[in-house]
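A quick write-up on the structure given underneath.
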Amino acid sequence: MADGVLLPMEFTARETIIAPETKTEMESLPVAKDSGIANQFHINKLPLTINDQSVTMTIDSGIHNSIVNILVWHRLGEPRLEPVTFTMYSSSGTQLKLKGQFMADVNYAGRVYQLPLIVSEQPDIDNLLGRRWLPALHLDWNRIFHCIGGAPQFQPESDNHRQLALKMTDTSYSTDHFYVNVNVEGIAIRLMLDTGATNSDISLAQWKLIGKPRLKTTRLQIVDAAKNALPLEGVCMVKVKYCGQEALLPLVVTSDPVEGTIGTNWFEKIRFDFNSIFDQMIFPEKPGQL
3 MADGVLLPME FTARETIIAP ETKTEMESLP VAKDSGIANQ FHINKLPLTI
53 NDQSVTMTID SGIHNSIVNI LVWHRLGEPR LEPVTFTMYS SSGTQLKLKG
103 QFMADVNYAG RVYQLPLIVS EQPDIDNLLG RRWLPALHLD WNRIFHCIGG
153 APQFQPESDN HRQLALKMTD TSYSTDHFYV NVNVEGIAIR LMLDTGATNS
203 DISLAQWKLI GKPRLKTTRL QIVDAAKNAL PLEGVCMVKV KYCGQEALLP
253 LVVTSDPVEG TIGTNWFEKI RFDFNSIFDQ MIFPEKPGQL
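Structural data, given as structure tokens:
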């Protein structure tokens with residue numbers, strides 16, 4: 003979640019899984035002509051206009067709600083806020099301080115939407131575009147995350163997407179995380195696809211499951227939304243297979259019992275069909291918010 007250093011705000015584990023894409027579908031995805039390592043730090047940034055002000059947000063599939071910090075709220079003219087009736091936590095269990103929520107006028111590439119936006123009392127939290135906005139914007143996410151340049155591209159609209167976008171304006175609903183099945187060191191494992199995280203990570207238990215690949219110490223620091231540092235055991239290089247693709251990729255190991263996460267540092271070597279994955283918007287059996 004968020005800028006590669008923030009992990010998902012949802013504190014409770016989800017039980018959602020989606021079918022992996024086929025190799026044929028993977029081969030049809032666009033490929034960037036020039037995808038340098040530096041791209042991974044910028045591919046999840048989306049420049050928007052909110053209430054006539056320019057705001058760059060991190061596309062964060064690891065959270066449900068979209069959120070901005072209080073400094074941005076001041077810049078937007080301090081629109082009237084409604085109370086927030088739910089609680090949000092960092093991955094370390096710290097409760098986040100929320101000031102309120104409002105319906106924002108969001109403009110992207112000439113298209114205007116009215117979308118719910120949370121305001122954090124923290125001035126240093128990143129501005130995050132959560133799952134709740136994905137159906138309304140309905141961008142060609144593959145072009146964004148595979149670093150394809152050119153004018154903004156939208157996916158064709160359908161009645162299903164319009165109904166889903168309308169449902170997302172209802173604050174009584176939450177959504178589940180997106181998961182994909184990958185093969186790591188010969189072991190099938192389910193990982194959460196988190197476009198807001200730069201680094202891919204697993205827990206100690208998952209590290210043991212894949213055979214305890216050799217760990218190296220790291221100076222990397224990963225902090226959550228409450229700015230609490232995640233305890234790291236080290237980083238290992240692992241063989242990853244996904245839908246006919248293979249790559250040797252870095253994987254951070256943490257002693258926190260977090261869900262395994264795929265961050266943007268894997269996107270250059272392994273292509274995911276983000277359009278299809280983001281279409282699999284699934285709701286908990288009991289609607290609610292975290």
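In terms of my numbering, the sequence shown opens at residue 3 and continues consecutively.
We treat Cβ as the ideally placed atom computed from N, Cα and C, and that holds for glycine.
Beta-bridge pairing by DSSP links ASP107 to GLN116. One alpha carbon belongs to ILE264, the other to GLY188, and they sit about 17 Å apart. Under the DSSP assignment, LEU73 falls in the alpha helix (DSSP H) whose first and last residues are 72-77. Of the candidates LEU139, GLN124, ASP126 and ARG133, the residue whose Cα lies closest to the Cα of GLN116 is LEU139. DSSP, read as helix, strand or coil, puts PRO137 in helix. Here the alpha carbons of SER160 and GLY151 stand approximately 25 Å from one another. By the beta-carbon neighbour count (other beta carbons within 10 angstroms, threshold 16), ALA106 is buried.
Note that the stretch 112-129 touches the stretch 55-74; at least 3 beta-carbon pairs, one per stretch, sit closer than 8 Å. A Cβ-Cβ distance of about 5 Å is found for the pair ILE61 and LEU48, placing them in contact under the 8 Å criterion. For ILE61, the secondary structure class from DSSP, reduced to helix, strand or coil, is strand. Ranked by Cα distance from ALA167, the first of GLU248, ARG134, VAL186 and PRO158 is ARG134. Taken through DSSP and simplified to helix, strand or coil, GLN165 comes out as helix. Rounded to whole angstroms, the gap between the alpha carbons of PRO233 and ASP258 is 7 Å. For the 8 Å CB-CB criterion, THR256 and GLU270 do not form a contact.
With a cutoff of 8 Å on beta-carbon distance, ASN129 and VAL57 are scored as near each other.
DSSP, read as helix, strand or coil, puts ARG273 in coil. In the three-state DSSP reduction, SER278 falls in the helix class (H, G or I).
If you check the CB distance, VAL114 and LEU100 do not come in under 8 Å. Per DSSP, ARG216 is not a residue of any beta strand (DSSP E), being assigned neither H nor E. In the displayed model, ARG192 falls within a strand according to three-state DSSP.
Apart from sequence neighbours up to five positions away, the residues of its chain that approach GLN97 with a beta-carbon distance below 7 Å are THR89 and TYR91, ordered along the chain. The beta carbon of ASP203 is closer than 6 Å to those of VAL254, THR256 and THR263 in its chain, skipping five residues each way along the sequence.
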